[in-house]
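Student: Residue numbers for the sequence shown, in our numbering: 3 to 68.
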Amino acid sequence: MSEEKFEAKADQLKGSVKEGVGKLTGDKELEAEGTAGKVIGKGKELVDDAKEIVEGAIDSIKDKMK
3 MSEEKFEAKA DQLKGSVKEG VGKLTGDKEL EAEGTAGKVI GKGKELVDDA KEIVEGAIDS
63 IKDKMK
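#1: Tell me the residue span of the alpha helix (DSSP H) that contains SER62.
#2: Any contact between the region 6 to 22 and the region 32 to 49? By contact I mean 3 or more CB pairs, one from each, below 8 Å.
#3: To the nearest angstrom, report how far apart SER34 and LEU26 are at their CA atoms.
#4: Can you list, in chain order, the residues of its chain with a C-beta nearer than 6 Å to that of GLU31? Leave out the 5 residues immediately preceding and following it.
#5: Can you tell me where the alpha helix (DSSP H) holding SER18 begins and where it ends?
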């Protein structure tokens, strides 16, 4: 797992915790922060996935050119 993907998963986990605590305590602001954290983490994960796909395609093209 890349460092970027690890950070993305950590952001999602922190967001889930904040969201859950916000729901339990009735703190809508904390709940919203948690939801935002989850979304940001998922976005980072998707960007990292796309980066890996592009890097794989570039490597494949380089191999074919040899």
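Where is the CB? At the ideal position from N, CA and C, for every residue including glycine.
For clarity, every value in this text was computed on a predicted model and none was experimentally measured.
Tutor: The short version:
#1: 30 to 67 is the extent of the alpha helix (DSSP H) around SER62.
#2: Touching, yes.
#3: Looking at the sequence provided, one finds Ala at residue 34 rather than Ser. Take the alpha-carbon of ALA34 and the one of LEU26: they are about 13 Å apart.
#4: Counting only Cβ-Cβ distances below 6 Å, and skipping sequence neighbours, we find nothing.
#5: Counting along the chain, SER18 sits inside the alpha helix (DSSP H) bounded by residues 5 to 27.
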